[in-house]
Each structure stands twice: as C-alpha cells, then as structure tokens.
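Encoded as structure tokens, the structure appears first; notes follow it.
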Amino acid sequence: MKLVFLGTSELAATSLKAIAESSHTISCVVTQPDRRSGRGRKPAPHPVKTMAESLSLPILQPDRVNTRSFRAAIREHHPDVLVVAAFGQILKPLLLALPPHGCLNVHASILPKHRGASPINAAILSGDKEVGVSIMKMDEGLDTGPVGLIGRLPAKPEETAGELHDRLAELGAALIVEALDRLAVNDLEFSPQDESQASHAPKLAKSDGLLCLGGSAEQAHRQVRGLTPWPGCYADLDTGAGAKRVILGETRIDCTDTKTETPGQILAASGDGILVACGRGVLRIKQLKPAGKRMMTASEFLNGTTIEVGSFLRGSTHE
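The numbering of the sequence shown is my numbering, which starts it at 2 and goes up by one.
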C-alpha cells in the first residue's frame, strides 16, 4: 500500500522504520517542526525526522495540518492510507476523509482504556496488569474510532514508563505492519469501542510529578515508575542543610499495611534506602537525584547529606 506517515516521537520512529522495511511504500513523512532545545535554543529534529532522513524519505513539517494547502500537498501523493503514531496534532474530518482507506492510528493502550496523550504513563499509574497497543481507524473523536488490531503484553511489576514505552514501541511497529498487510487484501475488520469502558489519559504537566504520600505506598511507587523519565517524580527533603528538592529514581514498597498520621515522615535512612511513611505503608527510596546533580544511590546521597529520623520528605499529602 502507498501511505503518508505522520508521527513525531521515538515510538512513532520505531513504527516508521518497520513500515519502511516492509512491502509498503511510504510516499512522504509528516512530523512536527523542529523543537528548540539546549542552551543556545537551537532547532533540533524530532526522532521521526531523524529516522526519515536516514531512510531518505521526503519530509514535511507543517505548523498546522488542517489547512487547505496541506491537504493539497498530501493529495499530490495519492496515498491509499494515512498512518498516524504519536504525532501531536489533531486531524480534522477533511483530512481524515482524504485517503480511500482512511487513517490508521498506533495507540499505546488497550482501547478504550487510556484514550489521550499519555496512555503509557496511565497504564502504570492505574496498576494495569496487562498493557498493549491498538491499531484504530481514526474518526473525529479523541481515540474513539473503531479498532482493527490489539496486541497485549503482561505488565512488569517494577517497570518504568520509559521501559514500557520501548516494549510497546516494538509491539506497535509489528502491529501496524500487520494491519497494512491485511488492509491491502481487505482482511482487516474494525469493531466499535465499548464506551462504557473508556478512560482518559490527559497530557502530563511538570506539576503532576509532585510525589503524593497521603495514599498508599503502592500508589506512590506507581507514581514514581509511571512518571519516569518524564515529567519525573519530585519532593522536598529535609536535611541538615535545609530542604532539598530531589527527583525520585528507584523505589520499592517496604510494607503496605502500616497506617500513619504523618505521611512523609522519615522512618530510617541508611545505605539500603530512605524509608518514608505514606498514608498506608512505607516507601523505600533507593535512588534520588538532587537538583543539578546526577541520579545517585541512597548510600551515595547519604555520604554527603545528613537526614534526621523524624524529619520529612515533603510532597502532597492528599490521596
């Protein structure tokens, strides 16, 4: 099949590479304009652009895709289908209706769960036992279109969002190639989603990373894993030199049944970890990163920092 690919992120780049290595033809790649980053705020390409350049594919980087001029540019390629993966712009009806086979989306959840911008984070935050990728035919709604294929994997108990992203990127790449193969021979059926089972995974902000200690240790542990590497889970730690903002790295659940009136209180601090009381249970912090420094083990951190038992790790105390 002849297609135009729209994507931006690393997950999308994995799908782009898999399609390029298949029997299908990528006529053009559409990705977001280069982002400004680093000290000099110089424009830097997104992963999909870098991948497209390595594959010598034509690239378009429109500020907006829902314009007459962009639709005209896509129409010139005469695509059978558009493939969309973690693109970052909403496609409106005139663009969705342009190719004869519509627009396929690679969405990193088992739809209708976790519709929206952060499905991978949401799967960990929700404690899902099973994760996956859906290949959906796009409609006007937010991830509401009928689903053609679903791939499922067991969740891993200590996996971070970054690690899960990499597993789902590979699964999504295999699924989109299978979907295109089957679509080419009219062997791909789409089923409507069950709206009663739908949930939403909104775009994350930096403020979502404030560690919540008022609930269970299990919830706090999931928050750290689900927000690693971005936006990162943080709190302010009382030390002998005053409060220090720290980003939490590796954590573990030390116990689950202890109740406390003082969530955030430091119960112990040693090379084995910093024990913090939650509303229910105890969280063990094994790695943390002070502002401006690298991620370090609890033992390394305590070599240069004094933490008194009874002091606090100050995050949110709401459940």
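For every residue, glycine included, the Cβ atom is placed at its ideal position computed from N, Cα and C. Note that the structure is a prediction, hence the values are computed from the model and not measured.
When we look at the beta-carbon of residue i and count the other beta-carbons within 10 Å, is it buried (16 or more) or exposed?
| i | result |
| --- | --- |
| S271 | exposed |
| T15 | buried |
| Q220 | buried |
| A24 | Before going on, a small fix: residue 24 reads as Ser here, not Ala. S24 should be labelled exposed. |
| I125 | buried |
| R116 | buried |
| A299 | buried |
| N187 | exposed |
| P101 | exposed |
| T345 | What the structure shows of the chain is the stretch from 2 to 320, and residue 345 is not part of that stretch, so it cannot be assessed. |
| T32 | buried |
| T9 | buried |
| S135 | buried |
| H79 | exposed |
| R69 | exposed |
| G243 | exposed |
| Q198 | exposed |
| A98 | exposed |
| V310 | exposed |
| G274 | buried |
| S110 | buried |
| D195 | exposed |
| A45 | exposed |
| K138 | buried |
| D64 | exposed |
| D35 | exposed |
Between the alpha carbons of residue i and residue j, how many angstroms are there, rounded?
| i | j | result |
| --- | --- | --- |
| S200 | S208 | 21 Å |
| F88 | N67 | 13 Å |
| V277 | G293 | 23 Å |
| I91 | P113 | 18 Å |
| G280 | T306 | 26 Å |
| A162 | H108 | 15 Å |
| A86 | L211 | 29 Å |
| V247 | V30 | 40 Å |
| I20 | C104 | 15 Å |
| E159 | R37 | 33 Å |
| K50 | T259 | 50 Å |
| L332 | R72 | There is simply no residue 332 to check, as the chain begins at 2 and stops at 320 in what is shown. |
| I151 | T145 | 14 Å |
| D81 | S57 | 21 Å |
| K18 | R295 | 33 Å |
| G241 | G128 | 36 Å |
| T318 | A236 | 11 Å |
| L5 | L61 | The sequence given here has Val at residue 5, not Leu. The alpha-carbon atoms of V5 and L61 are separated by roughly 10 Å. |
| K157 | K130 | 8 Å |
| R223 | G250 | 12 Å |
| T26 | L228 | 36 Å |
| H166 | L96 | 28 Å |
| G282 | M2 | 54 Å |
| K204 | T263 | 31 Å |
Just confirm the distance between the C-beta atoms of residue i and residue j, as a whole number of angstroms; I'd bet it's less than 8 Å.
| i | j | result |
| --- | --- | --- |
| P120 | F191 | That pair is no contact at about 19 Å. |
| L169 | V132 | 7 Å |
| L314 | G265 | 5 Å |
| P232 | A206 | 7 Å |
| S217 | T257 | 7 Å |
| L284 | I254 | 7 Å |
| A202 | N122 | 7 Å |
| L214 | G142 | Wrong, their Cβ atoms sit about 36 Å apart, outside the cutoff. |
Could you pull the DSSP bridge partners for residue i from this structure?
| i | result |
| --- | --- |
| P44 | R37 |
| C29 | V5 |
| F313 | Q266 |
| R153 | G133 |
| C234 | L249 |
| R116 | H201 |
| S217 | R281 |
| M297 | L289 |
| A206 | DSSP, once it has assigned bridges, lists no residue as partnering A206. |
Within 7 Å of any Cβ in chain B, is that where the Cβ of residue i sits?
| i | result |
| --- | --- |
| V107 | The chain labelled as chain B is not found in the depicted structure, where only one protein chain is given. |
Discussion item. List, from N- to C-terminal side, the alpha helix (DSSP H) runs of 4 residues or more that fit wholly inside the segment 75–100.
Written reply: 94–97
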